Every structure is written in C-alpha cells, then in structure tokens.
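For the sequence shown, this note's numbering begins at 5 and goes up steadily by one.
This report concerns only the one structure given below.
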Amino acid sequence: MTKRIGVLLSGRGSNFEALADSISAGRIPNAEIAVVVSNREGAPGIDRAHARGLATRVIPSKGLEREPYDRQVVAALHEASVDLVCLAGYMRLLSPHFVAAFPQRILNIHPSLLPSFPGLESQKQALDYGVKFAGCTVHFVDENLDAGPIVLQAVVPVEDDDTEDTLSTRILKEEHRIYSEAVKIVLAGKFKLEGRRVIQLR
Ligand code: GAR
5 MTKRIGVLLS GRGSNFEALA DSISAGRIPN AEIAVVVSNR EGAPGIDRAH
55 ARGLATRVIP SKGLEREPYD RQVVAALHEA SVDLVCLAGY MRLLSPHFVA
105 AFPQRILNIH PSLLPSFPGL ESQKQALDYG VKFAGCTVHF VDENLDAGPI
155 VLQAVVPVED DDTEDTLSTR ILKEEHRIYS EAVKIVLAGK FKLEGRRVIQ
205 LR
C-alpha cells in the first residue's frame, strides 16, 4: 500500500523537493506526499509544492503557544491520513502531544553531525569551532531539540577556505541524499531500535 508522507517546512524547501524527486524517480518506492504544511506564510517551499500540484496547508504559528498550535498541525496531518511526518527545515520544537501522535513516525534532517552543533546556524557553529569534518543527520524526533535516535549520517570535509555558504552547499547535497535513503528505510520498516541505536535490517 502507498505510504502517505506529510512534510513540514518553514522556508526554502530544498529537502522537500529532494524527497519529492526521489519519490517520482522510484528511489522511495510505494510512497506519496499527501500534504505539505508550513508554519510561515510566504515560505518558498509552499510555492514549490503548489507548482508540483501537491496539497498544501499554511498554518501560521505566530503568537500561538506550542501545544494549541501543534494540535492544529496534527489535525491537518490526520485529515490527510499521513503515515510518516518529515520535518524539512521546520524551525519549531514539537510538543509532547505532537510526538505522541506519531510514535517513531517523525523524522528530521539536521545540518550537523549530531550531537554536535544542534540548534540554529549549525554550519557556522562547525566553522567557528574549527572541526575538520562536518555533515548532516537524519533522526527520529522527540520533544527535545535535535535529539532523537539517529537513522543515518553523512560526513563532509571542511576545507581551509570554506565559508558558511560553501560548507552549507556541500552539506546540503548530502542532506538531500541521506534524507531519501532514511525515509526509504523507515517506510519499509527495515530497522529496529535498541535503546538509542537504530539498527538497519537488510
Ligand atoms: C536544511 O539545511 C536543514 O537541514 C535545516 O534547515 C535547512 C532547510 O533547508 N534544518 C535545521 O536546521 C533543523 N534544525 P531547505 O528548506 O532547503 O530544506
């Protein structure tokens, strides 16, 4: 049966587009994007979703407390019969209500090798710290910031002449690759959780 993905985003939407491309190309089999939700009006990712003919919802978060806001988003995801929620540049912490509504069915992509550099401007944090390798992480989402069990990571080198822009571009390419791979693994149920460890079943 086709699995239904709900994508949540706040901005540009390149990770959303990478997922949509992977589905169209058959790299993520038996899946479709059921709805794209943004908490910000005017998010370019929503225009991109429109252009692809996908269902979209803008649910503005400004001025609302976390849980009442999340209740609206969870309702929209349930309405769309979503099986898996993919955060793709969604810049909000999820409430316990949200996390409990989709147990082990919420993924996030983050532009660092977690647990290093959670939060905002992770690529700048990595450059400022002086690490020689950076990267990205796909993880299950809990109510803590960038903290749930890790599904996949990819490493990229940091070059001496890197700027935040050049490093971000190198990391983003890997984000697009591993997010699709992780969604494929999770939708196929080809993993088990041992404590914090996500063990891939082949
Ligand atoms: C991506 O780099 C993603 O990893 C990051 O926001 C960017 C969104 O870009 N997410 C986080 O920092 C979440 N903590 P996109 O809108 O083009 O996918």
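Here a beta-carbon is modelled for each residue, glycine too, at the ideal position from N, C-alpha and C.
All figures in this text were calculated on a predicted structure; none of them were measured in a lab.
Does at least one heavy atom of ligand 1 sit under 7 Å from the Cβ of residue i?
i: PHE106; result: no
i: ASP25; result: no
i: HIS114; result: yes
i: ASP51; result: no
i: SER126; result: yes
i: GLU198; result: no
i: GLU178; result: no
In three-state terms, what does DSSP make of residue i?
i: ARG16; result: coil
i: GLU129; result: The sequence as given places Gln at residue 129; Glu does not occur at that position. Here GLN129 sits in helix by DSSP.
i: LYS207; result: As shown, the chain starts at 5 and ends at 206. That puts residue 207 outside it, with no answer to give.
i: ALA38; result: strand
i: GLY49; result: helix
i: ARG109; result: coil
i: PHE102; result: helix
Buried or exposed: which applies to residue i, given that a residue is buried once 16 or more other Cβ atoms fall within 10 Å of its Cβ?
i: ARG206; result: exposed
i: ILE37; result: buried
When DSSP builds the beta bridges, which residues end up paired with residue i?
i: THR60; result: VAL40
i: GLY139; result: VAL159
Closer than 7 Å to a non-hydrogen atom of ligand 2 - does that hold for the CB of residue i?
i: PRO64; result: No copy of ligand 2 appears in this structure; the ligands present are ligand 1.
### Query
Is the region 47–54 in contact with the region 103–113, if contact means three or more CB pairs nearer than 8 Å?
no
### Query
Are three or more beta carbon pairs between the region 29–49 and the region 119–126 nearer than 8 Å?
Result no; under three Cβ-Cβ pairs closer than 8 Å.
### Message
Check whether the region 68–82 and the region 14–29 touch, using three or more Cβ-Cβ pairs below 8 Å as the test.
### Response
no
### Task
Examine the Cβ distances between the region 81–91 and the region 9–16 and report whether three or more of them are shorter than 8 Å.
yes
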